[in-house]
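The sequence shown begins at 1217 in the numbering used here and counts up by one. Working notes, structure below.
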Amino acid sequence: MASRHRTSWTDSVLIASDEIHDFSCSVCKDDNLNIEANHSCGDCAKYYCDKCLIFHAKIHKRHVVLGRNDVDKWVGQGDALVTCDLHPPKILELLCEDHAELCCHLCVSLNHRMCRSISLISDLAKGIHSMDDFKQLPANVTKVTASLNQVSEARKKNQNSMNSSGKSMLTKIKTLRSSLNEVLDELEKRTEVQMNSVLADLDGSLQKDIDHCDFLHDQLNALLDSVQLQTKESNSFIGFRKCKDKMAEANSILREMDNKQEATITFQPDTRVQQLLSDLKALGTIQGCPDPQLMQSYGQINQSSNKCKVVKVKKKKTYVVNINKDKQDCEIRGITELTGGEIVLVDTSNCIGKVLDSEYKVTSYCNFPEYPLDICHISDHQVAVTVNEKTVRHEVNFLTVSADTIKMTRKFSVDHECYSIKHHEGQLYVGSLTTLYLYTMAGRLVQKVYEDTSRGVTVNRFDLSTDGMKLYIPASSHNKMIVIDKSGNILSTLHDPDFQWPFRIHVSEGGHVFACLNRSNTVVQVDQEGRKMLATLVMAGDGINQPSAVWYSTHTSRLIVAGGQNDILVMELQ
């Protein structure tokens, strides 16, 4: 089917000029001509050049036509159903069957040049109104929206139950508090803060599920209404495909939500409270169920909805992070973020760990015996740092961090070089420059996950997908990035001429993948499958010398980039 339609599309591209217009004449485009439009008719939802407008004016004398002076009002006049989401106001005219994506001509030129199966929608849409799938679309949309409503209502009931549990627990806390002396004043405050934090996390997660269900519900209904108003087959086909894609997304989310446990929260008082009063930090343990799983599940939902989103840089600013104690220029090799929003850096050249506040000022620091090379977040205020000194020292150091203190609490040694580290579900992935290992938190080797000793650096600063099922590994010496599963099987490879010495990969909680390209002094965004570069966010002129650390902050929605200099680059994204 693809080859049958390829010729007609190719001919249309060849006949058109090489110019790319913001708005092309709709009538000329039907004749395979690429003529810039100077007028827009909202009633027709079409654009016209000067010549075609003359014929339009004779036939539709009462239509309101906007000229180039009102070009800012053109977008939005057309039919949103057939407009390309990535390149408005381009019209969706093609279907890439390799990726099952609706495309405009610009989409094909930029993202689907190598695809083999590209077809004209006008050909595919013939007879769609008589197809059984199209006729069943209203019933299928209704079924999915009904399921979304059910899940949303269940989450609302769960919310009410959670709030009642919170009130009940507060009463128990007060009862316990009344039997203690004035020393409990401070402990009571800490316990209530802990409870409110857990409640807020669980309540927020439930609300996100509810909002997502409502969002998809409204989208599906809006799409269905739009489709049912269409008379043109091409428009109906586009609406049909969009509805099917949106229903597939909704069904996937429904399956994920169906497997979740109902959120609950309990309070377990500490029976040793009277004896250990002076040493206690809280009156008991506040625990939610599910806890990390619920947040992780929403992260997956959010990731699926942002799967193809290419980020853009809105604003850039640099902040100085060197301190008086530094003997050399900073060389930031690792960045992570605490649950409270504090940023923690490892400065390799000065053998120092640094904590930054919300204004990116250094508030505390600690010294390492040798070179700290990478850092990862473990729990609320705990991080792990790899320390490596040739054949002498190969360690994982655990540190407790707050806004004004940072100190080492324990460590364990390994019998190989220790360059990179990531934590996932109570286990540590530790990388040498050629091998990736899996350890327990106590330092016991579980297995060797992946190894490539072909040449030079094949395992540099890696990262995991948000669900922990995929690992993104920069093979620096080969100028490529590989994606493997948890068993070490290679899933995909990115090898591009512009992908020069990838040093660091970072995956945000939303699933966006960023890569530091050391030799070209750039930071790029990579697609989640690990097959192509999507955008360049940091360029050589931005002043980052050999970028080696990148982190996306969920608290501020900012991208932080560092390398071999005394400042960091902070970017607001959109």
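Each residue gets a CB set at the ideal place from its N, CA and C atoms; glycine is no exception.
When every heavy atom of the ligand SAH is checked, does at least one fall within less than 7 Å of the C-beta of LYS1664?
Inclusion of the ligand SAH in the displayed structure is not the case, the ligand content being empty and no account of it being possible.
Cβ separation of LYS1623 and THR1616, assumed to be a contact under 8 Å, to the nearest whole Å:
Locating residue 1623 in the sequence shown gives position 407, counting from the first residue. Locating residue 1616 in the sequence shown gives position 400, counting from the first residue. Yes, they are in contact, since the Cβ atoms of LYS1623 and THR1616 sit about 6 Å apart, within 8 Å.
Give me the residue from PHE1730, ASP1301, SER1468, ASP1668 with the minimum Cα distance to PRO1763.
Working through the sequence shown from its first residue, we reach residue 1763 at position 547. Among PHE1730, ASP1301, SER1468, ASP1668, the Cα nearest to that of PRO1763 is on PHE1730.
Just to check my reading of the structure: SER1565 and CYS1582 have Cβ atoms closer than 8 Å, yes? What is that Cβ distance to the nearest angstrom?
Within the sequence shown, residue 1565 is the residue found at index 349, counting from 1. Within the sequence shown, residue 1582 is the residue found at index 366, counting from 1. Contact flag wrong, Cβ pair sits at about 16 Å.
Quick check: the Cα distance between ASP1441 and HIS1345, rounded to an integer number of angstroms?
Residue numbering aside, residue 1441 sits at position 225 when the sequence shown is read from its first letter. Residue numbering aside, residue 1345 sits at position 129 when the sequence shown is read from its first letter. ASP1441 and HIS1345: Cα-Cα distance of roughly 15 Å.
Assign ILE1698 to buried or exposed, taking buried as 16 or more other Cβ atoms, counted over all protein chains shown, within 10 Å of its Cβ.
As a working note, residue 1698 is residue 482 in the sequence shown. Buried, by the Cβ-count rule.
Do LEU1644 and TYR1655 have their CB atoms nearer than 8 Å?
Translated into positions along the sequence shown, residue 1644 becomes position 428. Translated into positions along the sequence shown, residue 1655 becomes position 439. Result yes, Cβ atoms of LEU1644 and TYR1655 sit closer than 8 Å.
Could you tell me the alpha carbon to alpha carbon distance between ARG1471 and LEU1249, rounded to whole angstroms?
Counting from one through the sequence shown, the residue named residue 1471 turns up at place 255. Counting from one through the sequence shown, the residue named residue 1249 turns up at place 33. Rounded to the nearest angstrom, the two C-alpha atoms are 47 Å apart.
Mapping DSSP to helix, strand and coil, what is PHE1719?
Here residue 1719 is taken as the residue at index 503 of the sequence shown, counted from 1. Of the three classes helix, strand and coil, the one that applies to PHE1719 here is strand, per DSSP.
Hey, could you find the ends of the alpha helix (DSSP H) CYS1473 is sitting in?
Position 257 of the sequence shown, counted from the start, is the residue given in the question as residue 1473. Residue identity differs from the one stated: residue 1473 is Met in this sequence, not Cys. 1449-1474 is the span of the alpha helix (DSSP H), which, as asked, contains MET1473.
With a threshold of 6 Å on Cβ separation, who are the neighbours of PHE1271 within its own chain once the five nearest residues in sequence on each side are excluded?
Here residue 1271 corresponds to residue number 55 of the sequence shown, with the count starting at 1. Around PHE1271: no qualifying Cβ.
Skipping 5 residues on each side, what residues in its chain have a beta carbon closer than 6 Å to that of GLY1500?
Sequence index remark: in the sequence shown, residue 1500 carries index 284 (1-based). These residues qualify, in order along the chain: PHE1483, GLN1484, PRO1485, ASP1486.
Classify LYS1342: buried if its beta carbon has 16 or more other beta carbons within 10 angstroms, exposed otherwise.
The count along the sequence shown starts at 1 and reaches residue 1342 at position 126. Exposed, because fewer than 16 other Cβ atoms sit within 10 Å of the Cβ of LYS1342.
Pick from VAL1298, ILE1251, LEU1302: whose alpha carbon is nearest that of LEU1750?
Walking along the sequence shown from the start, residue 1750 turns up at place 534. Checking every option, the nearest Cα to that of LEU1750 belongs to LEU1302.
Tell me whether the beta-carbon of ASN1595 lies closer than 8 Å to the beta-carbon of THR1621.
Here residue 1595 refers to the residue found at position 379 when the sequence shown is read from its first residue. Here residue 1621 refers to the residue found at position 405 when the sequence shown is read from its first residue. A quick correction: the sequence has Ser, not Asn, at residue 1595. No. Outside cutoff.
Could you tell me whether the Cβ atoms of VAL1527 and GLN1366 are closer together than 8 Å?
If you number the sequence shown from 1, residue 1527 lands on position 311. If you number the sequence shown from 1, residue 1366 lands on position 150. No, these two residues do not count as a Cβ contact at 8 Å.
To the nearest angstrom, how far is the alpha carbon of VAL1601 from that of GLU1553?
In the sequence shown, residue 1601 corresponds to position 385, counting from 1. In the sequence shown, residue 1553 corresponds to position 337, counting from 1. Computed Cα separation, rounded: 13 Å.
Supposed close pair VAL1281, HIS1255 - CB separation, criterion 8 Å
In the sequence shown, residue 1281 corresponds to position 65, counting from 1. In the sequence shown, residue 1255 corresponds to position 39, counting from 1. Contact holds; Cβ gap of about 5 Å.
State yes or no: is the C-beta of PRO1588 within less than 8 Å of the C-beta of GLY1557?
As a working mapping, residue 1588 is identified with position 372 in the sequence shown. As a working mapping, residue 1557 is identified with position 341 in the sequence shown. Against a cut-off of 8 Å, the Cβ pair of GLY1557 and PRO1588 comes out as no contact.
What is the rounded straight-line gap between the Cα of SER1421 and the Cα of SER1693?
Counting from one through the sequence shown, the residue named residue 1421 turns up at place 205. Counting from one through the sequence shown, the residue named residue 1693 turns up at place 477. Looking at the two C-alpha atoms, the distance is approximately 42 Å.
For ARG1329 and ASN1379, what's the separation of their Cα atoms in angstroms?
Mapped onto the sequence shown, residue 1329 falls at position 113. Mapped onto the sequence shown, residue 1379 falls at position 163. The alpha-carbon atoms of ARG1329 and ASN1379 are separated by roughly 54 Å.
At the level of alpha carbons, what is the spacing between LYS1245 and ASN1737?
Sequence index remark: in the sequence shown, residue 1245 carries index 29 (1-based). Sequence index remark: in the sequence shown, residue 1737 carries index 521 (1-based). Their Cα atoms are separated by approximately 42 Å.
How is GLN1446 classed by DSSP in three states: helix, strand or coil?
As a position in the sequence shown, residue 1446 is number 230, starting the count at 1. Residue state, collapsed to three classes: coil.
Count the other CB atoms within 10 Å of the CB of SER1219; is the residue buried (16 or more) or exposed (fewer)?
Sequence index remark: in the sequence shown, residue 1219 carries index 3 (1-based). Only weak support is given to the placement of SER1219: the predicted model assigns it a pLDDT of 39, under 50, and the question is left unresolved by the model.
THR1427 versus SER1368: straight-line alpha-carbon distance, rounded
Counting from one through the sequence shown, the residue named residue 1427 turns up at place 211. Counting from one through the sequence shown, the residue named residue 1368 turns up at place 152. A small correction: the amino acid at residue 1427 is Asp; Thr does not occupy that position in the sequence shown. Rounded to the nearest angstrom, the two C-alpha atoms are 8 Å apart.
Of the residues SER1708, SER1724, MET1755, the one placed nearest ASP1714, counting alpha carbons only:
One-based indexing of the sequence shown puts residue 1714 at position 498. Per the Cα distances, MET1755.
Between THR1299, PRO1304, ALA1253, which has its C-alpha nearest ASN1285's C-alpha?
Walking along the sequence shown from the start, residue 1285 turns up at place 69. When only C-alpha atoms are compared, the closest one is ALA1253.
Using beta-carbon positions only, say whether LEU1439 and GLY1455 come within less than 8 Å of one another.
As a position in the sequence shown, residue 1439 is number 223, starting the count at 1. As a position in the sequence shown, residue 1455 is number 239, starting the count at 1. Closer than 8 Å, so yes.
Looking only at its own chain, which residues have a Cβ that is under 7 Å from the Cβ of VAL1360, when we skip the five neighbours before and after it?
Here residue 1360 refers to the residue found at position 144 of the sequence shown. Only LEU1436, MET1463, ALA1466, ASN1467 meet the Cβ criterion.
For GLU1317, is the classification buried or exposed, using 16 other Cβ atoms within 10 angstroms of its Cβ as the cut-off for buried?
The residue you call residue 1317 lines up with position 101 of the sequence shown. The residue in question, GLU1317, is buried, as its Cβ has 16 or more Cβ neighbours within 10 Å.
Which stretch, first to last residue, makes up the beta strand (DSSP E) that contains SER1708?
By 1-based counting over the sequence shown, the position of residue 1708 is 492. Element bounds for SER1708: 1706-1710.
Who are the near neighbours of SER1773 in its chain, counting only those whose CB is closer than 8 Å to its CB and skipping five residues on each side?
The residue labelled residue 1773 in the question sits at position 557 within the sequence shown. If we look at SER1773 and ignore the five residues flanking it on each side, its Cβ neighbours are GLU1788, LEU1789.
Among the residues of its own chain, which have a CB less than 8 Å from the CB of ALA1658, if the five just before and after it don't count?
The sequence position of residue 1658 within the sequence shown is 442, counting from 1. Cβ neighbours of ALA1658 beyond the five flanking positions: PHE1628.
Neighbourhood of ASP1758 by C-beta distance below 7 Å, restricted to the same chain and skipping five residues each side
As a working note, residue 1758 is residue 542 in the sequence shown. The residues are LYS1532, LEU1785.
Measuring CA to CA, which of TYR1688, LEU1353, ALA1619 is closest to VAL1571?
Locating residue 1571 in the sequence shown gives position 355, counting from the first residue. Residue ALA1619 is the option with its Cα nearest to VAL1571.
Apart from the five residues just before and just after SER1450, which ones in its own chain have a Cβ nearer than 6 Å to its Cβ?
The count along the sequence shown starts at 1 and reaches residue 1450 at position 234. So the list reads ILE1337, SER1338, ALA1341, once near-sequence residues are dropped.
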